[in-house]
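As structure tokens, the structure follows; a few thoughts come after it.
Numbering (the numbering used here), first residue to last: 3 to 289.
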């Protein structure tokens, strides 16, 4: 399994809110380490597409005082401020590690996947960016779309998990990597139950029933359930999903690098089996 993972060429990496930010704002040291990993993987000729959360949190720290819950309009305002801050930080960190790495921002809504002409334009743009050796950084366009900031019956967006699955599916990725604050999927909360069983691989839906779903993480909008749903959508397009702990040092290179021979960090690998595939029409087109 590990060798198959390391042979992946086109990889979509989703960074969760708990990975990108802390209660003080940007988790700069952690993000710098992840950027260093991405630069290393690109040097191995892997195509990386980054789906990053964190804009609302950064914007909130910039313009909102106090810890009260935010209205939808306030979240959208925070996202509008935070997107610029987030991209500025990515630009600075990539320049520090490798000035040759160019980045591009894409802000997407659900219509970019459900409207055929927009989807074809999106696919063409992303493929051209990769051909130009540019690293795409993607986020939900929160200031103009409330699909992620509030619940929706049409698309189960949650903290960019489903967005990353759609990107991986429609760009024919070899692997979807979701980085969160735990070592994958467990039978119980490992932070409160040290005896919780860790699932290294998931191949059947019966195994998913043993996974502890729990509540959403602080600051994020997703949770274990949204990651499972994202993995099932990716499975429908034959894309495997890997869920790992983005708080661990060098997590990306220890798992994904062909040059690394040390024991990798713990993770959960969800196979793209027919039994796991979510039967839906999300973004499905003939070509």
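Each residue gets a CB set at the ideal place from its N, CA and C atoms; glycine is no exception. Nothing here was measured: the structure is a model prediction, and the numbers come from that model.
Whether residue i touches residue j by CB criterion (7 Å)
| i | j | result |
| --- | --- | --- |
| residue 187 | residue 270 | yes |
| residue 177 | residue 54 | no |
| residue 88 | residue 57 | yes |
| residue 139 | residue 105 | yes |
| residue 143 | residue 117 | no |
| residue 38 | residue 260 | no |
| residue 211 | residue 238 | no |
| residue 137 | residue 169 | no |
| residue 190 | residue 206 | no |
| residue 184 | residue 247 | yes |
Range covered by the beta strand (DSSP E) that runs through residue i
| i | result |
| --- | --- |
| residue 111 | Taken as a continuous stretch (DSSP letters only), residue 111 belongs to no beta strand (DSSP E), as it is neither H nor E. |
| residue 22 | Unbroken run through residue 22 is the alpha helix (DSSP H), 19 to 22; no beta strand (DSSP E). |
Reduced DSSP secondary structure (H/G/I, E/B, other) of residue i
| i | result |
| --- | --- |
| residue 212 | coil |
| residue 27 | strand |
| residue 168 | helix |
| residue 197 | coil |
| residue 252 | coil |
| residue 188 | strand |
| residue 146 | coil |
| residue 246 | strand |
| residue 35 | helix |
| residue 301 | No answer is possible for residue 301: the residues shown for the chain start at 3 and end at 289. |
| residue 258 | helix |
| residue 202 | coil |
| residue 174 | coil |
| residue 278 | coil |
| residue 267 | coil |
Top-ranked residue by Cα proximity to residue i, from the options
| i | options | result |
| --- | --- | --- |
| residue 181 | 4, 25, 36 | 36 |
| residue 165 | 46, 235, 129 | 235 |
| residue 107 | 5, 99, 247, 128 | 128 |
| residue 34 | 254, 82, 145 | 254 |
| residue 250 | 32, 26, 24 | 32 |
| residue 51 | 276, 190, 167, 94 | 167 |
| residue 47 | 278, 279, 258, 268 | 258 |
| residue 275 | 209, 228, 179 | 209 |
| residue 272 | 247, 229, 262, 248 | 229 |
| residue 268 | 232, 277, 252 | 252 |
| residue 124 | 13, 171, 243, 83 | 171 |
| residue 99 | 79, 44, 184 | 44 |
| residue 134 | 49, 247, 5 | 49 |
| residue 96 | 240, 145, 40 | 40 |
Where the alpha helix (DSSP H) through residue i begins and ends
| i | result |
| --- | --- |
| residue 130 | 118 to 133 |
| residue 58 | 57 to 65 |
| residue 98 | 74 to 99 |
| residue 232 | 226 to 238 |
| residue 4 | 4 to 8 |
Cβ-heavy atom distance, residue i to the ligand SAH, below 6 Å
| i | result |
| --- | --- |
| residue 146 | Of ligands this structure carries none, so the ligand SAH is not represented either. |
Within 8 Å, do at least three Cβ pairs link the segment 202 to 215 to the segment 72 to 90? no
Any 3 or more C-beta pairs closer than 8 Å across the segment 57 to 69 and the segment 84 to 100: yes
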